[in-house]
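**Student:**
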Amino acid sequence: MKAFLLLVFILIVVGLVVVWRRGSAAREQRQLDDARAEAQRWYERLGGQVLNLHGDDPAARQALSDAGERYNAAGGQLQQAKTVKQFELARESALEGLAYVRAARTAMGIDPGPELPPLSSSRGAGQLTTEREVTVEGHQYRAGPQPGTDTPYYYPGGRVQGRPVPAGWYSTPVWKTALGAGAGVLGGMLIFDALFSPSFGDVGYGDGYQDGFQDAAGDFNGGGDQGGVDQAGDFSGGGGDFGGGGGDWGGGGGDFGGGDFGGGDF
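The opening residue of the sequence shown carries number 2 in my numbering; numbering runs sequentially from there.
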């Protein structure tokens with residue numbers, strides 16, 4: 002009798018384990034499918050904008066070129082993605098491309114469309130709020146919150162060599178130089194120091210930049226006094242308030258990937 006009860010107990014335990022594993026596998030598959038669908042949705046919307054938008058303005062052309070690069074990158078990531086994390090990276094690339102699309106539409110003088118979900122890479126970077134102009138090693142560098150003939154390169158905000166770089170328009174893609182090696186890294190860091198140093202008065206970037214700057218100050222300034230940057234500007238951290246806005250992508254660029262970009266879609 003005891004042997005029979007033991008056998009029944011073992012069978013029950015085995016059955017529970019099998020049911021739990023099947024349920025766990027089903028949950029993981031649903032999470033994977035959801036991540037794939039989310040990444041695919043943003044990728045398709047980016048593709049619709051890249052194909053439909055054409056700008057003559059240098060700033061718009063450059064932003065659309067950068068958006069096209071992110072579109073290609075997201076497509077490659079989607080093809081190779083096999084995990085939730087990999088699909089999330091593809092989604093991030095697509096959203097980054099859409100940030101460039103918004104910048105291009107702004108440069109073209111048309112409605113940029115609804116806000117996007119925040120980029121994880123831009124959190125804590127802040128956003129430029131004033132025009133900046135500095136001279137480093139005999140070269141002039143400009144940056145500001147709006148596109149112009151002198152600032153045709155948009156950057157959605159992020160970290161370069163561990164330090165935050167605010168979202169905004171720049172005269173040259175300094176972040177690419179700083180991602181290189183050797184003298185390029187040093188030159189890029191010097192430019193960032195000059196552009197965003199508090200010694201220039203109005204620091205010219207949103208509050209979110211301060212925290213990220215303090216985190217990275219030790220890496221580039223030996224833990225010096227730049228860690229004490231005062232909060233300034235009227236933009237919140239993370240590159241602005243990314244709400245779940247709604248509405249269509251109107252204004253000459255076609256709809257955003259063939260449909261409404263509603264707040265509930267996020």
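For each residue, glycine too, the CB sits at the ideal point set by N, CA and C.
Just so it is clear, the structure is predicted and the values come from calculations on it, not from any experiment.
1. Give me, in chain order, the residues of the same chain whose beta-carbon lies closer than 6 Å to that of D67; leave out the 5 immediate sequence neighbours on both sides.
2. Which residues mark the beginning and the end of the alpha helix (DSSP H) in which E132 is found?
3. Locate the beta strand (DSSP E) running through A144, then write down its first and last residues.
4. Suppose contacts are defined by Cβ-Cβ distances below 9 Å. Is S122 in contact with E138 by that definition?
5. For L17, which of helix, strand or coil comes out of DSSP?
6. Shortest alpha-carbon distance to R37 belongs to which of Q78, F5, V161 and A108?
7. Decide yes or no for the touch test of the stretch 54-68 against the stretch 32-46: beta carbon pairs closer than 8 Å, at least 3 of them.
8. Taking the C-alpha atoms as reference points, what is the distance between Y154 and E39?
9. I need the DSSP call for G158, collapsed to helix, strand or coil.
10. So the candidates are Y142, R92, G159 and T136; which of them puts its Cα closest to the Cα of R42?
11. Could you tell me the distance, in whole angstroms, from the CA atom of A75 to the CA atom of Y142?
12. Would you mind stating whether Y268 and L47 have Cβ atoms separated by less than 9 Å?
13. Less than 9 Å between the C-beta atoms of R160 and M190, yes or no?
14. On the DSSP bridge assignment, give the partners of W176 in chain order.
15. Taking A105 as the reference, give the member of L65, P119 and K83 with the closest Cα.
16. If V175 sits next to I192, beta carbons under 8 Å apart, how far is it from one beta carbon to the other, in whole angstroms?
17. For Q81, is the classification buried or exposed, using 16 other Cβ atoms within 10 angstroms of its Cβ as the cut-off for buried?
18. Note the first and the last residue of the continuous beta strand (DSSP E) segment covering G169.
19. Excluding the 5 residues preceding and the 5 following G169 in the sequence, name in chain order all residues of the same chain whose CB lies nearer than 7 Å to its CB.
20. Quick check: the Cα distance between Q50 and G125, rounded to an integer number of angstroms?
21. For G69, which residues of its own chain have a beta-carbon under 6 Å away from its beta-carbon, when the five flanking residues on both sides are left out?
22. For S25, count the other beta carbons within 10 Å of its own beta carbon; 16 or more makes it buried, fewer makes it exposed. Which is it?
23. For A108, which residues from the same chain have a beta carbon less than 7 Å from its beta carbon, with the 5 sequence-adjacent residues on both sides left out?
24. How far does the alpha helix (DSSP H) with P59 in it extend, from its first residue to its last?
25. Run through the DSSP bridge pairs and tell me what A166 is partnered with.
26. Can you tell me whether A40 is helix, strand or coil according to DSSP?
27. Can you say whether G158 is buried or exposed, counting buried as having 16 or more other CB atoms within 10 angstroms of its CB?
**Tutor:** Reading it off the structure:
1. Y101
2. That residue, E132, is in no alpha helix (DSSP H); it is neither H nor E in DSSP.
3. H140 to G145
4. no
5. Three-state DSSP puts L17 in a helix.
6. Q78
7. no
8. Rounded to the nearest angstrom, the two C-alpha atoms are 29 Å apart.
9. coil
10. R92
11. 31 Å
12. In the structure as shown, the chain begins at 2 and stops at 267. Residue 268 is therefore absent and cannot be evaluated.
13. no
14. Paired residues: none, contrary to the question.
15. L65
16. 5 Å
17. exposed
18. In the DSSP annotation of this structure, the continuous segment of the beta strand (DSSP E) that includes G169 starts and ends at G169 to Y171.
19. Q128, L129, A144, G145, P146 and Y156
20. 28 Å
21. V51
22. exposed
23. G56, D58, A60, A61, A64 and P148
24. P59 to Q81
25. With the sequence shown as reference, residue 166 is identified as Val, and Ala is not the correct amino acid for it. Paired residue(s): G159.
26. helix
27. buried
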